[in-house]
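The sequence shown lines up with residues -17 to 140 when you count with this note's numbering. For every residue, glycine included, the Cβ atom is placed at its ideal position computed from N, Cα and C. This one's a predicted model, so the numbers in the text were calculated from it and none came from an experiment.
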Amino acid sequence: MSDPDPIERGGFKPRFWERKPLSKMSRAEWEALCDGCGRCCLNKLEDGDTGEVALTRVACRLLDDESCRCAQYDIRHQFVPECIVLSPKNIESHAYWMPRTCAYRLLWEGKPLYDWHPLISGTPQSVHDAGISVQGWTVSEFEVHEDEWEDHIIEEIT
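Shown next, in the form of structure tokens:
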């Protein structure tokens, strides 16, 4: 049995994300869009010439590899000041590096959510069962020197 969902996903209008623009969502609706995959917490390498972004399996020091959640979400900026707080106001400048399966990116691009998304499946376990999450296969940034991140580039799921 999976752990309870740490994200509140109840009490919303059915399929609110299909009728409500990102900019009109409440904070709770916005937070409910997170699928809990943990991919946004992977360190990325960006080619300065092409702008192409590659994901690595090297995770932020705060990512819990089993739950795929930030171990210190509410106070994460005390430990990782550069952590992005994604919002409707800044999605345009950050969507390009977000995982292709990310609900925020998908909706910003006008695409539907996948069936495994917890808002559709009704369970946070579905993202793990679908093989979308980083559960069990990351390495901590404490274990890999930044010069070696290229050795840990992964193929992005589409």
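Are the CB atoms of residue i and residue j nearer to each other than 9 Å?
i	j	result
Glu123	Ala53	no
Gly33	Gln117	no
Leu95	Trp(-1)	yes
Ile(-11)	Pro63	no
Tyr38	Ile102	The amino acid occupying residue 38 in the given sequence is Thr; Tyr does not appear at that position. No, these two residues do not count as a Cβ contact at 9 Å.
Lys71	Ser5	yes
Ala112	Trp131	no
For residue i, count neighbouring C-beta atoms within 10 Å of its own C-beta (all shown protein chains included) and say buried if the count is 16 or more, exposed if not.
i	result
Glu137	exposed
Ser75	exposed
Ser8	exposed
Met(-17)	The predicted model places Met(-17) with a pLDDT of 46, which falls under 50 and marks its position as unreliable, so this point remains unresolved.
Tyr78	exposed
Gly18	buried
Tyr86	buried
Ile114	buried
Ala10	exposed
His59	exposed
Arg(-3)	exposed
Pro81	buried
His141	No answer is possible for residue 141: it lies beyond the span of the chain, which begins at -17 and ends at 140.
Arg1	exposed
List the DSSP bridge partners of residue i.
i	result
Ile135	Thr38
I'd like the ranges of any beta strand (DSSP E) spanning at least 3 consecutive residues and lying wholly in the region 6 to 66. 24 to 28, 35 to 41
Could you name each continuous alpha helix (DSSP H) segment of 4 residues or more that falls completely within the region 85 to 124, going from the start of the chain to the end? 85 to 90, 100 to 103, 108 to 111
Does the count of Cβ pairs from the region 90 to 107 and the region 22 to 34 closer than 8 Å reach three? no
Check whether the region 34 to 50 touches the region 112 to 127, taking contact to mean three or more Cβ pairs, one atom from each stretch, closer than 8 Å. yes
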